[in-house]
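**Q**
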Amino acid sequence: MAGCSCTCGGDQEVNLIYACSGAANTGHLSDQVMRSLNRDKVGASTCLAAMGADLSGFLTSAREATRNIVLDGCKVACGKKIFEKHGIPHQHFVMTDFGVEKGKTPITGELIETIAGKIAEKVCA
Numbered sequence: 186m187a188g189c190s191c192t193c194g195g196d197q198e199v200n201l202i203y204a205c206s207g208a209a210n211t212g213h214l215s216d217q218v219m220r221s222l223n224r225d226k227v228g229a230s231t232c233l234a235a236m237g238a239d240l241s242g243f244l245t246s247a248r249e250a251t252r253n254i255v256l257d258g259c260k261v262a263c264g265k266k267i268f269e270k271h272g273i274p275h276q277h278f279v280m281t282d283f284g285v286e287k288g289k290t291p292i293t294g295e296l297i298e299t300i301a302g303k304i305a306e307k308v309c310a
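All residue numbers for the sequence shown refer to my numbering, where the first residue is 186 and numbers rise by one.
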């Protein structure tokens with residue numbers, strides 16, 4: 186998968202990616218998808234926990250980003266709630282929306298790459 190960081194109007198886009206790393210398989214999946222998107226230069230991984238902890242530097246970076254891509258494992262949507270609490274725009278993706286069953290679906294390299302590809306297509310469109 187090709188990265189989508191681009192130069193638009195002379196300015197480099199900054200896409201930041203945040204992942205729920207919850208205890209379930211879906212949290213593990215969102216973390217691995219974030220790492221895949223980072224590796225493929227769709228965006229840079231950063232810390233969702235720091236956002237939840239209201240750390241000023243992370244909040245500033247999120248506010249200044251071109252895109253904030255939030256990957257939640259399940260419908261509880263902890264990551265989305267953090268961004269809504271701060272009023273920061275974001276794109277939101279939930280692993281269970283890709284047919285993954287919480288507590289059941291095995292997390293494989295193929296699944297990680299398939300979901301990362303689908304998200305990259307939406308982010309880079």
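Even glycine gets a Cβ: it sits at the ideal position worked out from N, Cα and C.
Can you list, in chain order, the residues of its chain whose CB lies under 6 Å from that of Ile304, leaving out five sequence neighbours each side?
**A** Excluding sequence neighbours, Ile304 sits near Phe278.
**Q** Three-state secondary structure (DSSP) at Ala301?
**A** Ala301 falls in the helix class under three-state DSSP.
**Q** Strictly by DSSP, which residues pair up with Ile254?
**A** Paired residues: Ile202 and Gln276.
**Q** Please confirm if the segment 228-240 is in contact with the segment 283-291, defined as three or more CB-CB distances below 8 Å between the two stretches.
**A** With a cut-off of 8 Å, the segment 283-291 and the segment 228-240 do not count as touching, because too few Cβ pairs lie within range.
**Q** Ile300 and Val218: beta carbons closer than 8 Å?
**A** A contact, by the Cβ cut-off of 8 Å.
**Q** On the three-state DSSP scale, how would you describe Ala234?
**A** Helix.
**Q** I'd like to check one pair, Leu244 with His271: are the Cβ atoms closer than 8 Å?
**A** Yes, Cβ-Cβ distance for His271 and Leu244 is below 8 Å.
**Q** Closest by CA to Asp174, which one among Arg224, Ala209, Asn223 and Cys205?
**A** Outside the modelled stretch of the chain, which goes from 186 to 310, sits residue 174, for which no answer is possible.
**Q** Take His275 and list the residues in its own chain whose beta-carbon comes closer than 6 Å to its own, dropping the five residues that flank it on each side.
**A** So the qualifying residues of the chain are Asn253, Val255 and Phe268.
**Q** Can you tell me the Cα-Cα spacing of Pro291 and Asn210, whole angstroms?
**A** Spanning the two alpha carbons is a distance of roughly 7 Å.
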